[in-house]
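To keep things clear, I will list the structure first and then write my remarks on it.
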Amino acid sequence: MENPRIRSISDLLKENFYVPRYQRGYRWGKQEITELLDDILQYYKATKDRKNKVSKFYCLQPVVVKSKTWIDSNGDTLNGWELIDGQQRLTSILLILNYLEDVRELLERGVDIYSIDFETRENCKTFFENKSYKSAIDESNVDFYHISKAYHYITKWFEKEKNKVGIVETLLNTDYNVSIIWYEALEGQENADNDSSIDLFTRLNEGKIPLTDAELIKALLLQADLYPSIEERYVKQRLFEIASEWDAIEATLQDEKMWLFLNNTDYNPSSKIDLIFKLLSDKWNKPDVNNDERLVKYEAKDGKPKHFEFLVFDKYLAKKREQYNLSAKPDKDILDPINEVWKEIKDVFSRFYDWYDNHTLFHYLGFLLAFEQDKEKLIKELFDLKLNKDDFELHLKKRIAKAIKITSKWSESGIVKELHEISYGEEDSEIRKILTFFNIETLIKHKKENARFPFHLFKIEKITSIEHIHPQNPESIDTSEERAITWLTSHKTSLVYFTLNGHPQKQEIKEQIGKIEDLLSNYDKESFKSIYSETIELYSKLIDFKENELHTLYNLALVDKDTNSMLNNSFFDVKRELLKTNKLGKYIPICTQRAFSKYYSENPKEMIFWNSDDRHAYYESIEKVYNSYIHLLN
937 MENPRIRSIS DLLKENFYVP RYQRGYRWGK QEITELLDDI LQYYKATKDR
987 KNKVSKFYCL QPVVVKSKTW IDSNGDTLNG WELIDGQQRL TSILLILNYL
1037 EDVRELLERG VDIYSIDFET RENCKTFFEN KSYKSAIDES NVDFYHISKA
1087 YHYITKWFEK EKNKVGIVET LLNTDYNVSI IWYEALEGQE NADNDSSIDL
1137 FTRLNEGKIP LTDAELIKAL LLQADLYPSI EERYVKQRLF EIASEWDAIE
1187 ATLQDEKMWL FLNNTDYNPS SKIDLIFKLL SDKWNKPDVN NDERLVKYEA
1237 KDGKPKHFEF LVFDKYLAKK REQYNLSAKP DKDILDPINE VWKEIKDVFS
1287 RFYDWYDNHT LFHYLGFLLA FEQDKEKLIK ELFDLKLNKD DFELHLKKRI
1337 AKAIKITSKW SESGIVKELH EISYGEEDSE IRKILTFFNI ETLIKHKKEN
1387 ARFPFHLFKI EKITSIEHIH PQNPESIDTS EERAITWLTS HKTSLVYFTL
1437 NGHPQKQEIK EQIGKIEDLL SNYDKESFKS IYSETIELYS KLIDFKENEL
1487 HTLYNLALVD KDTNSMLNNS FFDVKRELLK TNKLGKYIPI CTQRAFSKYY
1537 SENPKEMIFW NSDDRHAYYE SIEKVYNSYI HLLN
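As numbered in this note's numbering, residues 937 to 1570 make up the sequence shown, in order.
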């Protein structure tokens, strides 16, 4: 769709609109009509005493149209717009203008107004021209019934408010007025046939083409025609600069590495700058010291209204313009309201970019944001801190310490578990955080400044699976023949190693190799399950692996889900070769790579298994990082 623009109601008066049959008919009731009129009246009262009214307008929700030519029920050819979205609003405004016909004529405002033609109602034009709905409820069809009822609600509202002139002026003024966000479906994007309009309508109403708050805000922010013509050259130049800066911010946030540093994959708006407005809207909407009223009212139980960020921005900008109008500054700039609001937006982005660009802050904040459920709350809290660089880093380190600190207890005694006691299957969440930060801290201390933890891959590839370095004996295994044959072949090779090195249990090993060879020549699922378990048990016995270390940090590392599946409880040497070749092309965390290359071991020996020295050296490295942060809480 074409970029949105603002069109006033007065600008629409000579237009013709067509409502196609794929849309449901007019259905607004008393609540919607009353809320619309209340909003228009409130806007009128707020602006009627302003000396400088050119920068004010009240914006309705968006309207989506496509150019169309059709023949009406009288046989006349009309050129106008197919209403893809927005018929409820425009029909309601039409009814209000019809009710105010006498005032319009008296004020010589909008004597002729736009028309709406419904494809499903052949006598629609006659219905609106005759205005029979003014005197009675038309029950000839469901659309005319609801239109008649809406007109009745309009009549009742004016009987109470009695402010016809103010409403007409607010609807039809050219300087301050009621406007709509206008979207046009372009011919290059949508074909002229009816099916494409149905598709667009469906996608709009299913939320597949959301009209983002950012798009609506941009339309408000860059309206050059709101300002006196004498300022036209300066205004257009400055708004062009803002538009260019907006595009630069959006492009930076669109970078996957930047975006997924700040967010998880489940929040992915088409306009990434929406994130900034989400953060600022709550700040702007807070009651100030002198006024306990929020810019946009809503009850917590009902949740924020649709396009909340846009509504807040609209009112906040209006508030800035009001302050500008009341200001006695001799050197004030007509674009001061825009510049002030834009500076607030840029300040948020600058903070984000500083975090991303700083090696240490990138890692600290990336970790906290990755595991924080309420990211907006965390960011707002960090924005509110008034700390120098060193104190801010210390604050983040303490937050990290709280995030990784073990809170699990032994159920029998209520005593908090030690680091070496937390176990796979019981404290997975704590293990995942500790292992993730172990990898992050390793990269913080890395000698190469450009070595950064890839939070984008961490989230996209879901590097949250806990892998046993030495294999566990799982309850369920993949018994498909292809996977089983691969597993048996590679693990037969591992067992042969022990026979070549004169292991005291050489005979038992040979017997197990014989069973594997028999199964390879005549595969059977049930036999595989048995031999699978026997082989892993024998392997654990051969390397004297302590059972109480199997599910602890002595034997756990991080990988992604697909790699976890590929490793498939293989022996250490098989896993090491699979990770080395990395056929899946996944990101393997640095500490996982180091564990399987025995980086942590002082004197690495056999590379075929994960021995006691390897396990303890690995655990001590994790413990050192863990304790270096936990002590900050004392």
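Where is the CB? At the ideal position from N, CA and C, for every residue including glycine.
Distance between residue j and residue i (C-alpha atoms, nearest Å)
i, j, result
"residue 997", "residue 1149", "11 Å"
"residue 1105", "residue 1258", "20 Å"
"residue 1246", "residue 1171", "22 Å"
"residue 1239", "residue 1473", "56 Å"
"residue 1120", "residue 1174", "26 Å"
"residue 1414", "residue 1055", "60 Å"
"residue 1158", "residue 1275", "11 Å"
"residue 1099", "residue 1193", "55 Å"
"residue 1199", "residue 1310", "11 Å"
"residue 1096", "residue 977", "12 Å"
"residue 971", "residue 1248", "17 Å"
"residue 1446", "residue 1476", "16 Å"
"residue 1554", "residue 1503", "20 Å"
"residue 1308", "residue 1369", "11 Å"
"residue 1520", "residue 1514", "9 Å"
"residue 1264", "residue 1256", "14 Å"
"residue 1420", "residue 1324", "58 Å"
"residue 1079", "residue 1024", "11 Å"
"residue 1206", "residue 1183", "13 Å"
"residue 1004", "residue 1015", "6 Å"
"residue 1379", "residue 1532", "18 Å"
"residue 941", "residue 1076", "38 Å"
"residue 973", "residue 1281", "32 Å"
Same chain, Cβ closer than 8 Å to residue i, neighbours up to 5 away in sequence not counted
i, result
"residue 1050", "948, 949, 950, 951, 952, 953, 1026 and 1030"
"residue 1167", "1270"
"residue 1072", "1084"
"residue 1278", "1157, 1178 and 1181"
"residue 1059", "1009"
Identified DSSP bridge partners for residue i
i, result
"residue 1116", "943 and 996"
"residue 1052", "953"
"residue 1004", "1016"
"residue 1494", "1402"
"residue 1021", "1000"
"residue 1352", "1345"
Residue i burial status per 10 Å Cβ neighbour count (16 or more: buried)
i, result
"residue 1548", "exposed"
"residue 1567", "exposed"
"residue 1343", "exposed"
"residue 1506", "buried"
"residue 1450", "exposed"
"residue 1042", "exposed"
"residue 1288", "buried"
"residue 1125", "Residue placement at residue 1125 cannot be trusted, given a pLDDT of 48 that sits under 50; what the coordinates show is reported in the next sentence. Label assigned to residue 1125: exposed."
"residue 1252", "buried"
Neighbourhood of residue i by C-beta, 6 Å cutoff - its chain only, sequence neighbours within 5 removed
i, result
"residue 1143", "Low local confidence applies: a pLDDT of 49 at residue 1143 is under 50, so the model's placement there is unreliable, and no value is given."
"residue 923", "An answer regarding residue 923 cannot be provided, because it is not within the stretch 937 to 1570 covered by the chain."
"residue 1332", "1300"
"residue 1546", "1405, 1406 and 1508"
"residue 1291", "1297 and 1301"
"residue 1213", "1149 and 1245"
"residue 1272", "1260"
"residue 1089", "966 and 969"
"residue 1197", "1292, 1302 and 1391"
"residue 963", "1082"
7 Å CB neighbourhood of residue i in its chain, flanking five on each side removed
i, result
"residue 943", "1115, 1116 and 1118"
"residue 1534", "1540, 1543 and 1550"
"residue 1345", "1351, 1352 and 1353"
"residue 1215", "1284, 1312, 1315 and 1316"
"residue 1250", "995 and 1156"
"residue 1481", "1406"
"residue 1190", "1208"
"residue 1455", "1424, 1463, 1464 and 1467"
"residue 1375", "1389, 1494, 1525, 1526 and 1527"
"residue 1461", "1415"
Residue i Cβ short of 7 Å to the ligand MN heavy atom set
i, result
"residue 1464", "The ligand MN is not part of the structure shown, which contains no ligands of any sort."
Short CB-CB distance (under 8 Å) between residue i and chain D
i, result
"residue 1053", "In the structure shown, chain D does not exist; there is a single protein chain."
>> For the segment 1526-1534 against the segment 1422-1436, do three or more pairs of beta-carbon atoms, one drawn from each stretch, fall closer than 8 Å, so that the two count as touching?
In response: no
>> For the pair the segment 1477-1495 and the segment 1550-1564, tell me if three or more CB-CB distances fall below 8 Å.
In response: yes
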